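Worksheet: one structure, shown below.
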Amino acid sequence: MNLFKLTWKNLWSRPLATLLSLILIMLGVGLITFVLQVKRDFEGHMGKNIKGIDMVVGAKGSPLQLILSAVFHIDAPTGNIKLIEAEKLKKNRLVKYAIPLSYGDSYNGYRIVGTDTAFSKLYNARLKTGVLRKETFEVNLGAGVATDLNLKIGDEFSGSHGLVAGGATHDDQNYRVTGIFEASNTVLDQLILTNLESVWDAHNHGAQEAHEDIENDPDHQLADLEITALLVKFRSPMGVIQLPRWVNTQTNMQAAVPSYELKRLTNLMGFGIDTINGVAVIIMIVAGISVFISLLNSLKERQPELALMRSYGASRKQLAATVLLEGLLTSLLGFAGGIALSKTGFFVTVSFFPQSLSLPSSALSLSLSDAYLLLVVVTISFLSALIPVIKSLNINISKTLATS
Amino acid sequence: MIQTTGLSYAYDAQAEFRFPDIHLADAENLVILGESGIGKTTLLHLLAGLLVAKTGKVLINNTDITQLGARELDHFRGNNMGFVFQKPYFVKSLSLIDNLLLLQYLAGRKSDQTKIKQVLDRLGIKDKERKKTYQLSQGEQQRASIAMAIINDPKIILADEPTSSLDDKNCLNVTTLLKSQASATGANLVVITHDQRLKTQFENQLQL
Numbered sequence: 105m106n107l108f109k110l111t112w113k114n115l116w117s118r119p120l121a122t123l124l125s126l127i128l129i130m131l132g133v134g135l136i137t138f139v140l141q142v143k144r145d146f147e148g149h150m151g152k153n154i155k156g157i158d159m160v161v162g163a164k165g166s167p168l169q170l171i172l173s174a175v176f177h178i179d180a181p182t183g184n185i186k187l188i189e190a191e192k193l194k195k196n197r198l199v200k201y202a203i204p205l206s207y208g209d210s211y212n213g214y215r216i217v218g219t220d221t222a223f224s225k226l227y228n229a230r231l232k233t234g235v236l237r238k239e240t241f242e243v244n245l246g247a248g249v250a251t252d253l254n255l256k257i258g259d260e261f262s263g264s265h266g267l268v269a270g271g272a273t274h275d276d277q278n279y280r281v282t283g284i285f286e287a288s289n290t291v292l293d294q295l296i297l298t299n300l301e302s303v304w305d306a307h308n309h310g311a312q313e314a315h316e317d318i319e320n321d322p323d324h325q326l327a328d329l330e331i332t333a334l335l336v337k338f339r340s341p342m343g344v345i346q347l348p349r350w351v352n353t354q355t356n357m358q359a360a361v362p363s364y365e366l367k368r369l370t371n372l373m374g375f376g377i378d379t380i381n382g383v384a385v386i387i388m389i390v391a392g393i394s395v396f397i398s399l400l401n402s403l404k405e406r407q408p409e410l411a412l413m414r415s416y417g418a419s420r421k422q423l424a425a426t427v428l429l430e431g432l433l434t435s436l437l438g439f440a441g442g443i444a445l446s447k448t449g450f451f452v453t454v455s456f457f458p459q460s461l462s463l464p465s466s467a468l469s470l471s472l473s474d475a476y477l478l479l480v481v482v483t484i485s486f487l488s489a490l491i492p493v494i495k496s497l498n499i500n501i502s503k504t505l506a507t508s
Numbered sequence: 262m263i264q265t266t267g268l269s270y271a272y273d274a275q276a277e278f279r280f281p282d283i284h285l286a287d288a289e290n291l292v293i294l295g296e297s298g299i300g301k302t303t304l305l306h307l308l309a310g311l312l313v314a315k316t317g318k319v320l321i322n323n324t325d326i327t328q329l330g331a332r333e334l335d336h337f338r339g340n341n342m343g344f345v346f347q348k349p350y351f352v353k354s355l356s357l358i359d360n361l362l363l364l365q366y367l368a369g370r371k372s373d374q375t376k377i378k379q380v381l382d383r384l385g386i387k388d389k390e391r392k393k394t395y396q397l398s399q400g401e402q403q404r405a406s407i408a409m410a411i412i413n414d415p416k417i418i419l420a421d422e423p424t425s426s427l428d429d430k431n432c433l434n435v436t437t438l439l440k441s442q443a444s445a446t447g448a449n450l451v452v453i454t455h456d457q458r459l460k461t462q463f464e465n466q467l468q469l
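So the protein lines, in turn, are chains A and B.
The opening position of the first sequence corresponds to residue 105 in my numbering, with each subsequent residue numbered one higher.
The opening position of the second sequence corresponds to residue 262 in my numbering, with each subsequent residue numbered one higher.
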């Protein structure tokens, strides 16, 4: 027998009051960690995906839509731009590299992106099996696509028109898998990569000839080729000052800066996050009050017991310790429960997310903010225990034993 | 051994109690009789060190407990005194055996289940050790509280109105039990009561 065991038994001798406090702390802690986790993972995920992309150029429209479609591959593209104009931009001395993207088809809801090999380097993606695509209609699969659709090297499939599942299929042209990337925890995992030519060919049935004609009559045919977007990396910070403005004013294309658009997006989300956090803080305060009332009631009920313990040798400090321990145990249990709740909630939520968002499952690890939260919870439990502890120190044993 | 000299206590200026000196040799018993409000419980709490005397000394086995510091006094009480109250007190959330283990812990002793079982056996409630104390019958609770009082082999057992709510038969049972347990552990038994039935059962009497 020791004070810890005694406190534990005391805690569960009043299960309802204890449970109420526990549930409140769990809810508060769970809500806060859940929101922080989602925010952190969202920002981390977004940040990882915009690495190496300083500017996105595409057709005129909403800049956020351009970013969402060309960087995160979740929204519809704003339209197409002329390859020739994009090539012109590529030659600008402020541009370090520029990666063209071209959309058109999808397979079972996964987008088939026409691009060059620089695109996968952007995400440091290595091939797990197979080789990089060379010929038209050869494709490389993101890890998530390969797993989900159970595709292997050499498998063939026909793409369907449009970016959502269920479009008309191009039965005449089959894509063939030549390589599968390792998982990179980026959007790449959810994409099917092919050459630009594949996209052009799939959508222009005279393309095979047209493609050959480019060499013969580049000025004429090249002028007709289109891409959806261009991902640009600048050579120096000067680029971000000059190029977006130049594109937006001097060409009929649109330039959007991912980091700026993302900041706008998180600011929009920020209001929702603040609201949820506000609710969580209120719950935590109510939890603190609940612990306080519970401790006070328990103390009142147990006063004769405490007097009994005092007469059998317990010191004032020991009694105060049992009260403090009771508050501390409740909040620590609540904290652990809350963390468990938020982690479970997080995994359930992630499983409902559209796959293209591919949130990383780093959620199992505890972060610094969890430690801060623990500190807050412990502080709350100390504050709620303060008055009960002082009361326990001042119990008049003689009077208690004589009157009750 | 208990010896008090010149004990007095004052709740306030009007209510001051002066108590006659008590002298008990080892293993001697005493019943202190008196009407309500005459300061019986006050005297008992002075003997236990639960109240601080205004004047006088309380020597228990040659230790003057009025000179002990707070922590020493707690420790002394835990190791040398047993209590029987009018209404049995237990820690509600604990089973009977856990209550006794708690008292061993509070006295700073090693937990000794064998001893607890012996004591419970002696009192005829060994089969109740896993029960919560509120699940025991009144008679069992009375015995359990005696087990609490003697578990740490006290030098002195202080009983406050142990029989006032009992009928004649149970009154006799409890006093017999208390006396036998006190003599088994070699302790002084001091009973305070207004219950005149106890007069015939103790050789040493003190009328307040």
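No residue lacks a Cβ here, since even glycine has one placed at the ideal position from N, Cα and C.
For clarity, every value in this text was computed on a predicted model and none was experimentally measured.
Taking only the alpha-carbon atoms, compute the straight-line gap between residue i and residue j and give it to the nearest angstrom.
i       : j       : result
D414(B) : A448(B) : 8 Å
K301(B) : S496(A) : 26 Å
L428(A) : F337(B) : 25 Å
R404(B) : V435(B) : 8 Å
I178(A) : Q294(A) : 10 Å
N498(A) : T375(B) : 36 Å
L355(B) : K393(B) : 6 Å
D305(A) : G208(A) : 11 Å
G402(B) : T507(A) : Residue identity check: residue 402(B) is Gln in the sequence provided, not Gly. Going from the Cα of Q402(B) to the Cα of T507(A) covers about 19 Å.
I321(B) : M262(B) : 6 Å
S226(A) : N278(A) : Residue identity check: residue 226(A) is Leu in the sequence provided, not Ser. Rounded to whole angstroms, L226(A) to N278(A) spans 27 Å at the Cα level.
T353(A) : V452(A) : 46 Å
M342(A) : A360(A) : 16 Å
K194(A) : R349(A) : 16 Å
P349(B) : S406(B) : 6 Å
F285(A) : W112(A) : 53 Å
D474(A) : A440(A) : 10 Å
V480(A) : G151(A) : 29 Å
L477(A) : A444(A) : 14 Å
K200(A) : G156(A) : 10 Å
L490(A) : L399(A) : 10 Å
Given residue i, which residues of its chain have a CB within under 7 Å of its CB, disregarding the five upstream and five downstream residues?
i       : result
E365(A) : P167, L168 and I171
R370(B) : N413
L381(B) : K387, E390 and A408
N381(A) : I136 and V139
R420(A) : L497
N299(A) : G218, R237 and T240
T303(B) : Y270, F278 and L312
Please say whether residue j and residue i have beta carbons closer to each other than 8 Å?
i       : j       : result
K315(B) : D325(B) : no
G438(A) : M130(A) : yes
F510(A) : S446(A) : Past the boundaries of the shown model lies residue 510(A); chain A is included only from 105 to 508, so the question cannot be answered.
T290(A) : E242(A) : no
L198(A) : T221(A) : no
D158(A) : K367(A) : no
Y416(A) : G339(B) : yes
I377(A) : K143(A) : yes
A391(A) : S125(A) : yes
G134(A) : G449(A) : yes
L107(A) : Q422(A) : yes
N184(A) : E330(A) : yes
S485(A) : V395(A) : yes
Q468(B) : G295(B) : yes
A443(B) : I418(B) : yes
First and last residue of the alpha helix (DSSP H) that includes residue i?
i       : result
N381(A) : P362 to S415
A287(A) : First-last for A287(A): undefined, no H or E at that position.
A180(A) : Neither: A180(A) is in no alpha helix (DSSP H) and is coded neither H nor E.
L432(A) : R420 to F456
S264(A) : No alpha helix (DSSP H) contains S264(A), which is instead part of the beta strand (DSSP E) from E260 to H265.
S496(A) : L472 to L497
What first and last residue would you give for the beta strand (DSSP E) that runs through residue i?
i       : result
I171(A) : I171(A) -> not in any beta strand (DSSP E); alpha helix (DSSP H) instead, spanning P167 to A174.
P415(B) : Run containing P415(B): none; DSSP gives neither H nor E here.
A333(A) : A333 to F338
R118(A) : Element bounds for R118(A): n/a, residue is neither H nor E.
Q264(B) : I263 to A271
Who are the Cβ neighbours of residue i in its own chain at under 8 Å, not counting the five residues just before and after it?
i       : result
A174(A) : V160, G162, P181, L205, T332, A333 and L335
I393(A) : S488
L438(B) : L384, R404 and I407
Query raised in the report: Going along the chain, which unbroken runs of the alpha helix (DSSP H) with 4 or more residues stay wholly within the stretch 282-342 of chain B?
Result: DSSP runs (the alpha helix (DSSP H)) wholly in the stretch 282-342 of chain B: 301-309 and 331-341.
Requested in this report: Return the chain-ordered ranges of every beta strand (DSSP E) run that is complete within the stretch 333-404 of chain B and spans a minimum of 3 residues.
Outcome: Runs found: 342-345.
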